[in-house]
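With the first letter of the sequence shown counted as 1, position 114 gets the number 115 in our numbering; the numbers rise by one all the way through. C-beta atoms are modelled at their ideal positions from N, C-alpha and C, and glycine is treated no differently.
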Amino acid sequence: MSKKPKETTSAPFLVGKRLYLRAPEPEDAALFQRAISDPFTRQWLLNRFPISFKQEIEFIERMNPPGQPPTQTIFSIVIKKNHQLIGNMGLFRINWLDRKAETAALIISDKYRSKGYGVEAKELLLEYAFNTLGLHRIESCAMADNIRSLAYLRKSGYVEEGVQREAIFKNGRWTDLICFSILKEEWRRRHH
Numbered sequence: 002m003s004k005k006p007k008e009t010t011s012a013p014f015l016v017g018k019r020l021y022l023r024a025p026e027p028e029d030a031a032l033f034q035r036a037i038s039d040p041f042t043r044q045w046l047l048n049r050f051p052i053s054f055k056q057e058i059e060f061i062e063r064m065n066p067p068g069q070p071p072t073q074t075i076f077s078i079v080i081k082k083n084h085q086l087i088g089n090m091g092l093f094r095i096n097w098l099d100r101k102a103e104t105a106a107l108i109i110s111d112k113y114r115s116k117g118y119g120v121e122a123k124e125l126l127l128e129y130a131f132n133t134l135g136l137h138r139i140e141s142c143a144m145a146d147n148i149r150s151l152a153y154l155r156k157s158g159y160v161e162e163g164v165q166r167e168a169i170f171k172n173g174r175w176t177d178l179i180c181f182s183i184l185k186e187e188w189r190r191r192h193h
C-alpha cells in the first residue's frame, strides 16, 4: 500500500492542468536534500557539494523573504491529483532594473521525468514571471551533455544564445554550458 502524501499548509499559488506550484514547506526539505544527494541528479547540478537537511531548510527560508522585493523565489512542484511533491523550480538573480531573471528546476525522481511535468511547471513559472512580475527576459543554462534539460528548454520556447566553453569541470573533464533565454514577446506569441 502506498503512503498518502502529507497535506501541507501552503495553498496552490500557480495552477495548471496537472500540476500546481506552491510555496515550499520545511517538510519538503528532506525530499529535496535526498534528490540533490542522488548521484544521477547531482551530476547535472551546478552546485555539486553535499547539502545537509538543515542547509536545505535554510535555503528554502532564504528564498521567499517577507516584506521586500525578492531577488529569488522558489516553488514546490506538486501533482494536483494526489498532492505528490515532485520537484522545485524558481526564479533566481531577479534584476528588477533590467526586468530579467534566471530559472532553475529539479524533478526529484526519474519516475516523474520525461512526462511533461517540467514543461508544464515552466509554463506556469513563465506566465507568472512575465504577466505578474512584469519581467522581460528569462535566462537558463544547461550542461552540453544534459540532453533532457536542453530538450526541455527548447520545448519551453527558449532560444539558444551561446556557449560558455569548458565552463564546468565534471567527472575529470571540462563541459560546455549552453545558455538560453526567452523574451516576454516570444512567450506571448507562443500563447496567442
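- Item | Whether Leu92 touches Leu134 by CB criterion (9 Å) | yes
- Task: Name, in chain order, the residues that DSSP records as bridge partners for Val79.
- Result: Tyr21, Leu86
- Task: Please go through the region 79 to 154 and give each complete beta strand (DSSP E) segment of 3 or more residues, from N-terminal end onward.
- Result: 85 to 96, 101 to 108, 138 to 144
- Message: Can you check which of these residues, Asn132, Ile52, Gly158, Ile87, is closest to Glu140 by C-alpha distance?
- Response: Gly158
- Message: 9 Å is my cut-off, CB to CB: does Ala24 come that close to chain B?
- Response: Absent from the structure is chain B; it holds one protein chain and no more.
- Message: What does the alpha-carbon distance come out to for the pair Gln105 and Leu86?
- Response: The sequence given here places Ala at residue 105; Gln does not occur at that position. Cα to Cα, the separation comes out at about 17 Å.
- Message: On a Cα-Cα basis, can you pick out the residue from Ala31, Arg166, Phe181 that is closest to Arg174?
- Response: Arg166
- Item | Distance, Ala143 Cα to Glu26 Cα | 27 Å
- Task: List the whole-angstrom C-beta distance separating Ala122 from Leu22, where the pair is believed to meet the contact cut-off of C-beta under 8 Å.
- Result: 6 Å
- Message: For the alpha helix (DSSP H) containing Glu26, name the first residue and the last one.
- Response: Segment: none, Glu26 is in no alpha helix (DSSP H) and carries neither H nor E.
- beta strand (DSSP E) segment containing Thr176, residue limits: 174 to 184
- Best match in Phe76, Glu103, Leu32 for proximity to Lys55 [C-alpha to C-alpha]: Leu32
- Item | Assumed close pair Leu125, Gly17 - CB separation to whole angstroms, cut-off 8 Å | 5 Å
- Message: So if DSSP puts Ile61 in a beta bridge, which residue, or which two residues, is it bridged to?
- Response: Beta-bridge pairing links Ile61 to no other residue.
- CB-CB length for Ser182 against Val160, believed under 8 Å: 6 Å
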